[in-house]
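*Asks:* Here you go, one structure.
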Amino acid sequence: MGNFRFYQDCKVTCWERDYFTVEAENYEEAAAIVRSWKCDDVTNVTDKRIHLERNEVLRDTSERIFPDENGGCPTMEIYNTDGLAVINDAPDLELNLES
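Our numbering puts the first residue of the sequence shown at 5, with every later residue one more than the last.
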């Protein structure tokens, strides 16, 4: 009897946290600069007053996504060590199995 290795890819949603500083005369001005982005992703903002510091993934906020939340596309895929798909969780199970 042998052991056979596989790996699983799972699509999830989770929060990320970006730490940054804003150069300004005071807190009110800095907050106004932040509000002026209208909640655009700080990593996409081009402004010399912004200094990105670090980023972290908040793993405890991770939640699995299911195919019905992903346009019917798979959100769980299992592969062998050669990278060949063995099965996924797409709704049409007949198409999931390796030929």
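Glycine included, each C-beta is placed from N, C-alpha and C at the ideal position.
Owing to the predicted nature of the structure, the values given are computational and were not obtained by experimental measurement.
Can you give me the start and stop residues for the alpha helix (DSSP H) that residue 38 sits inside?
*Replies:* 31-40
*Asks:* Could you tell me the boundaries of the beta strand (DSSP E) in which residue 67 lies?
*Replies:* 54-68
*Asks:* Cβ atoms of residue 79 and residue 18: under 7 Å apart, would you say?
*Replies:* For the pair residue 18 and residue 79, the CB atoms are not nearer than the 7 Å cut-off.
*Asks:* Is any heavy atom of the ligand SAM found at a distance shorter than 6 Å from the C-beta of residue 56?
*Replies:* This structure does not include the ligand SAM; it has no bound ligands of any sort.
*Asks:* The beta strand (DSSP E) that contains residue 10, what's its start and end?
*Replies:* 10-14
*Asks:* For residue 16, I'd like the list of residues in its chain whose CB is within less than 7 Å of its CB, leaving aside the five on either flank, ordered along the chain.
*Replies:* 66, 67, 68 and 69
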